[in-house]
Amino acid sequence: MRAAVLHGPDDVRVEKTAEPEGEVVVRVAAATACGTDVKMLRHGHRILGAYPSRFGHETAGVRVDTGERVFVGDSLACGGCRPCRAGRPQLCRAMTWVLGGFAELIAAPAAALHAVPDGLDFAGAAMAEPLAACVHAVARADGADAADAAVLGGGTMGLMIARLLVLAGRDVTVCDRHPERRAQAEALGARAVAALGRHELVFEAVGRPEAWRTAVEAAAPGATVVLVGGCPGGSDVALPTGPLHYDELDVRGAYHHSRAEVDRALELLATGAIDWRALAGETVGLDGLAAALRTPTRGEARKLVVDPRL
Ligand SMILES: [Zn+2]
Ligand SMILES: [Zn+2]
6 MRAAVLHGPD DVRVEKTAEP EGEVVVRVAA ATACGTDVKM LRHGHRILGA YPSRFGHETA
66 GVRVDTGERV FVGDSLACGG CRPCRAGRPQ LCRAMTWVLG GFAELIAAPA AALHAVPDGL
126 DFAGAAMAEP LAACVHAVAR ADGADAADAA VLGGGTMGLM IARLLVLAGR DVTVCDRHPE
186 RRAQAEALGA RAVAALGRHE LVFEAVGRPE AWRTAVEAAA PGATVVLVGG CPGGSDVALP
246 TGPLHYDELD VRGAYHHSRA EVDRALELLA TGAIDWRALA GETVGLDGLA AALRTPTRGE
306 ARKLVVDPRL
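Under this note's numbering, the letters of the sequence shown match residues 6 to 315, in that order.
Quick look at the structure:
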């Protein structure tokens, strides 16, 4: 079978490889890409393991054994470690990662699979991975019952979070410097601005230290700030101590998702509550993957779709 294989930083090759072995083999119909894949291509990643390695973590396809349409979860929590036992599987200390969606076939533990609801396309189903992380991010703000919410960053994650907040009945402001992304935010029911004022609930969805700081600076007294974007490894951020202390800001990280959040995401995509087509970009085959990941993104926020059958 053919697979995109990483051999080192910025060295990806589409090769004929042995068929993957695992509990279940899935024929990939769509694997969507995100900023993590760009990071994996350029610098490697802590979850990749040693080269040569496979990547692609937003994957949907058909089980070779049963013909069932499935979403392939990118992770399987151990269930036994302290965070798992505390009901926080996204923090599992012994996570099994299931990577390799950029290939004709992927092997996965059966427990990592989710049925794709009828009527949901494979490309839409693949987006359940980032959407589940957004469902989780919004859940991290539980208890912050402010009507007023802001999202810093109008990339695909920021737009998904904004849409979830709109669906929850909040008054949502999205901040992005790109006018095309502001237009996308408005289309899904949010207000869009180029700079934030002060807000009761702030989500950071950029993934750079300066954006984390900007998110904290945009927090009104007593506000909750949820940090969603992963920053480059080893980076630090300096935060203003005044508002953290005197305004009792509640700053929380949000990382990854649980199995139930993936199912919730699939349901939101299947009902159209989240319109995945508004976030889908170009579809390429495996041979077009490297060039597409290397192309700087501009304009609208849209996800690359890889169809290894092309
Ligand atoms: Zn992703
Ligand atoms: Zn665990």
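Think of the CB as a built atom: it goes at the ideal place given N, C-alpha and C, for glycine as much as any other residue.
Just to confirm the assignment, what range does the beta strand (DSSP E) spanning residue i have?
i: D153; result: D153 to L157
i: V242; result: Per DSSP, V242 belongs to no beta strand (DSSP E) and is neither H nor E.
i: D79; result: Taken as a continuous stretch (DSSP letters only), D79 belongs to no beta strand (DSSP E), as it is neither H nor E.
i: V67; result: T64 to R68
i: D176; result: D176 to C180
Is it the case that the Cβ atoms of residue i and residue j are separated by a distance below 7 Å?
i: A146; j: T229; result: yes
i: P114; j: E24; result: no
i: R175; j: A142; result: no
i: L232; j: W217; result: yes
i: I111; j: C139; result: no
i: H30; j: V77; result: The sequence shown places Val at residue 30, not His. In this structure, V77 does not lie closer than 7 Å to V30 by Cβ.
i: L273; j: I279; result: yes
i: E287; j: E185; result: no
i: F127; j: A195; result: no
i: P94; j: H48; result: no
Is residue i near ligand 2, with its Cβ less than 6 Å from a heavy atom?
i: A91; result: no
i: A82; result: yes
i: A99; result: yes
i: C236; result: no
Given this structure, state the Cα-to-Cα distance separating residue i from residue j, to the nearest angstrom.
i: P1; j: R314; result: Outside the shown range of the chain, which is 6 to 315, sits residue 1, and nothing can be said about it.
i: H50; j: G160; result: 21 Å
i: R257; j: G54; result: 28 Å
i: A243; j: T178; result: 25 Å
i: A283; j: R307; result: 8 Å
i: V198; j: Q189; result: 12 Å
i: P214; j: D241; result: 7 Å
Closer than 6 Å to a non-hydrogen atom of ligand 3 - does that hold for the CB of residue i?
i: C139; result: The model on display carries ligand 1 and ligand 2 but not ligand 3.
Is any heavy atom of ligand 1 found at a distance shorter than 6 Å from the C-beta of residue i?
i: T319; result: Lying before the first or after the last residue shown, residue 319 is absent from the chain, which here runs from 6 to 315.
i: E63; result: yes
i: P135; result: yes
May I ask which residues mark the beginning and end of the alpha helix (DSSP H) holding residue i?
i: A341; result: Outside the shown range of the chain (6 to 315) lies residue 341, about which nothing can therefore be said.
i: E24; result: Note, E24: premise wrong, no alpha helix (DSSP H); not H, not E.
i: A195; result: Segment: none, A195 is in no alpha helix (DSSP H) and carries neither H nor E.
i: P88; result: R87 to R90
Sort out for me which residues DSSP pairs residue i with in a bridge.
i: A112; result: V30
i: D255; result: T229
i: T37; result: V310
i: A223; result: Beta-bridge pairing links A223 to no other residue.
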